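I have placed the structure first, in the form of structure tokens, so that the comments after it can refer back to it.
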Amino acid sequence: MLYQEIAKQLIQLAENDLAVREQLLSQGKLSEGYNPEMEAVHKSNSQALKTIIKHIGYPTISKVGHEASEAAWLIIQHSIGDPDFMIQCYTVMLENKDDISNENIAYLHDRILMYQSKPQKYGTQLISIDTPYPVENIANLNKYRIEMDLPPLSEAQIKNIPPIQNIETIDNENPTYNEWRKKTGWIK
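In UniProt numbering, the protein residues as written are 1 to 188.
This is the structure in structure tokens:
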């Protein structure tokens, strides 16, 4: 590990993110739209990560260790208010795929597609417990998952996946969500 101080910083940022999330969840403040306090944490963390990436490049396992690299991914996953940053990070993650977790690449790939109202590839994003957001290729889903070190989904889980044609209906169930996605640039 080359960057121990940066590793500590990344871990602290991720721990704070999760602590604030837990606190807001326990207070019932995460069920109605994007909570402003959570959004502020996400924005602050993504700004810090942007600075780190400018300084050392992507925080790979060999640069910051496994735990801190996972923390960087969590910060990216939660940078939902900054689509360009998430997409840029996905590209950089692919460039460093031999030095980061395959699972993280799969999760970020699917998250980006879901926010864009597109079918996901790996079935990592859920619309409810045990119900993944629609996927592009159900027949090859478990093959894709295994390639990215994700466990296969059960037949029951696969049967729960809505067809791609249902994406518009799923996304329109929450008008506030769509307004937010338009405002942030995920959709037009």
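Where a beta carbon is used, it is the ideal one built from N, C-alpha and C, also for glycine.
All of these numbers come straight from a predicted model, not from anything done at the bench.
Cβ of Pro162 within 7 angstroms of Cβ of Pro119? Numbered from its first residue, the sequence shown carries residue 162 at position 162. Numbered from its first residue, the sequence shown carries residue 119 at position 119. In this structure, Pro162 keeps its C-beta atom at 7 angstroms or more from the C-beta atom of Pro119.
Return the CA-CA distance between Gln157 and Lys121, expressed in angstroms with no decimal places. For this step, residue 157 is matched to residue 157 along the sequence shown. For this step, residue 121 is matched to residue 121 along the sequence shown. Straight through space, the alpha carbons of Lys121 and Gln157 are spaced by roughly 15 angstroms.
If you count every other CB in all the chains shown that lies within 10 Å of the CB of His55, and 16 or more means buried, which is it? Taking the first residue of the sequence shown as 1, we reach residue 55 at position 55. Label assigned to His55: exposed.
Do three or more CB pairs link the stretch 170–185 to the stretch 148–156 at distances below 8 angstroms? Contact between the stretch 170–185 and the stretch 148–156 is not established, with fewer than three Cβ pairs separated by less than 8 angstroms.
Apart from the five residues on each side of it in sequence, which residues of its chain come closer than 6 angstroms, Cβ to Cβ, to Thr131? One-based indexing of the sequence shown puts residue 131 at position 131. For Thr131, where only same-chain residues beyond five positions count, the Cβ hits under 6 angstroms are Asn160.
Cβ of Gln125 within 7 angstroms of Cβ of Arg145? In the sequence shown, counting from the first residue as 1, residue 125 sits at position 125. In the sequence shown, counting from the first residue as 1, residue 145 sits at position 145. The beta carbons of Gln125 and Arg145 sit no closer together than 7 angstroms.
Cut-off 8 angstroms between Cβ atoms - residues of its own chain near Ile11, not counting five sequence neighbours on either side: Here residue 11 is taken as the residue at index 11 of the sequence shown, counted from 1. So the qualifying residues of the chain are Glu67, Ala68 and Ala71.
Integer-rounded CB distance, given that Ser46 should sit under 8 angstroms from Ile75: Locating residue 75 in the sequence shown gives position 75, counting from the first residue. Locating residue 46 in the sequence shown gives position 46, counting from the first residue. Indeed they touch by this definition, with Cβ atoms about 6 angstroms apart.
Given that a residue counts as buried once 16 or more other Cβ atoms are within 10 Å of its Cβ, and exposed if not, what is Asn16? For the purposes of this step, residue 16 is taken as residue 16 along the sequence shown, with counting starting at 1. Exposed is the call here.
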